[in-house]
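Numbering (the working numbering), first residue to last: 265 to 790.
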């Protein structure tokens, strides 16, 4: 089978516009198809205003809807001017940088020319400035997501392990506190996006997952954050070698599934490469249910998720991991977004209609990588953004079905799929990086934390619910109401937030075997 060329683009660009209020509001009831009358039933909110969905183009109404929607991309930028946010952000940026310096002093091999690490590479290696991400989610913060979370709700252990080419990967393993000694919990591995996307950018989802009862691994792929920029053989990471986002993800899964009796294999083969103390096996191995593994990833990490979930599918490459004979992944979530085996579906550089003319140029210059052969294999949730890496106003209606290309393939194979796009969101609503354009994610920093907002709560709501639907067991937190949360179209994270430019849709069965299919959630489904 030929391996199609991957389309990829570099991130960066800030957009500032005056803030315009944007609210949705009211429509018709929705019925969910099914065979069991006791199945959860979705209903649209009574105040859902679909005037922007139905506005004719060109018209003053269509333009006004677009202006209001696009204004949401600057909400987070305006919030971050708050003095309370700036103070905590500055403190955490300085603390992260000091921690990086201390690591370099205690283990100078982190700055070995062999690793290609410097104060500037990988990007975000110091964790300073924007790379501090949400500064209220560190142990030094006093709000609910700061010190109380780490002392009362979660145990978090930093880990270092080698990838298959002996580059050091930096990560954290998270587990809930106050659980039974013999508890066996479901597991999630999260893979960053590329370039300026450190682990901390995804803690806004990690913390809710831990609270929901998951053991979680976060890690920086090669060329990202606190990991090595290159392998000893000179192989690069990040956008210079996108394969690290699926190969490294498989390595991370192997590490996550290692134990004292089956230690992580690449630490053995790479032993002595550096004097750095590496972690021989997952410190929380005894809390894991090996039959319940989910994966999530953003941007390049979402490409990795697309590939990794699909090893072992029909006409695909077999599972390349070292500790499992077959692919152990049971469910997957892609944050902007799932791609097809042909590389279609990748978040564009901009949101101008049609393929971005620079994508091919940047792909050839920066990656040159081919996707492995993969296919639909597990239940998949795909998030997309209303706007691209560099948000630009829509000047004409985009193809409303263009975010559902991967969904068509999953439907052909009869495998569950959920596709969501939220109003005004950008590529950076999925990685909370200060100064980057996105919708609101820290509206009231004076409360001691970044809660509520627009895109982030919706992303968390559906991500956790999707994992709960496919990984939780009876009597576990989130099992009973997972189905209802996924079709809570009338709720605060539901249809009222979904895009009126791109269709949000779903096609899967609930636990009672009833079909939950809807091809346009905002329009309602009969």
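Where a beta carbon is used, it is the ideal one built from N, C-alpha and C, also for glycine.
Beta-carbon contacts of residue i that lie in its chain and below 8 angstroms, excluding the five residues immediately before and after
i           : result
residue 348 : 709 and 710
Test item: CB-CB of residue i and residue j under 8 angstroms
i           : j           : result
residue 354 : residue 390 : no
residue 429 : residue 495 : yes
residue 486 : residue 457 : no
residue 431 : residue 492 : yes
residue 609 : residue 669 : yes
residue 556 : residue 591 : no
residue 734 : residue 595 : yes
residue 436 : residue 463 : yes
residue 465 : residue 695 : yes
residue 488 : residue 329 : no
residue 399 : residue 441 : no
Cβ-based neighbour list, residue i, same chain, cut-off 7 angstroms, excluding 5 preceding and 5 following
i           : result
residue 566 : 598, 599, 600, 601 and 602
residue 339 : 283, 703, 704 and 718
residue 729 : 746, 749 and 750
residue 740 : 477
residue 585 : 514, 517 and 518
Start-to-end residues for the alpha helix (DSSP H) that takes in residue i
i           : result
residue 725 : 719-735
residue 669 : 669-676
residue 365 : 347-370
residue 508 : 508-520
residue 480 : Segment 479-483 is the beta strand (DSSP E) holding residue 480; no alpha helix (DSSP H) there.
residue 793 : Beyond the ends of the chain as shown, which are 265 and 790, falls residue 793; an answer cannot be given.
residue 327 : 324-335
residue 340 : 339-343
residue 592 : Careful: residue 592 lies outside any alpha helix (DSSP H) and carries neither H nor E.
residue 748 : 746-750
residue 532 : 529-533
Which residues DSSP lists as bridging residue i, in chain order
i           : result
residue 561 : 455 and 598
residue 683 : 646 and 769
residue 657 : Looking at the DSSP assignment, residue 657 forms no beta bridge with any residue, so it has no partner.
residue 500 : 494
residue 552 : 449
N- and C-terminal bounds of the beta strand (DSSP E) containing residue i
i           : result
residue 425 : 418-426
residue 318 : It is not in any beta strand (DSSP E) - residue 318 instead sits in the alpha helix (DSSP H) that spans 315-318.
residue 434 : 432-440
residue 781 : 779-782
Contacts around residue i, its chain only, beta-carbon distance under 6 angstroms, and the 5 residues preceding and following it disregarded
i           : result
residue 510 : 568, 571 and 572
residue 321 : 661
residue 680 : 643 and 772
residue 448 : 553
residue 742 : 476, 732 and 736
residue 645 : 597, 682 and 730
residue 636 : 571 and 581
residue 583 : 575, 576, 590 and 591
Checklist entry - Does the count of Cβ pairs from the stretch 446-455 and the stretch 515-534 closer than 8 angstroms reach three? => result They touch, by the three-pair rule.
Checklist entry - Hey, is the stretch 525-532 in contact with the stretch 466-481, meaning 3+ C-beta pairs nearer than 8 angstroms? => result no
Item to check | Any 3 or more C-beta pairs closer than 8 angstroms across the stretch 681-693 and the stretch 329-338 | outcome: yes
Item to check | Meets three-Cβ-pair contact criterion under 8 angstroms: the stretch 381-396 and the stretch 414-425 | outcome: Contact check between the stretch 381-396 and the stretch 414-425: fewer than three CB pairs, one atom from each, fall below 8 angstroms, which does not count as touching.
Next on the checklist: Whether or not the stretch 537-549 and the stretch 420-433 are in contact is what I'm after, with contact meaning three or more pairs of Cβ atoms, one per stretch, closer than 8 angstroms; do they touch?
Outcome noted: yes
Next on the checklist: Would you call the stretch 643-652 in contact with the stretch 749-766, where contact means no fewer than 3 C-beta pairs closer than 8 angstroms?
Outcome noted: yes
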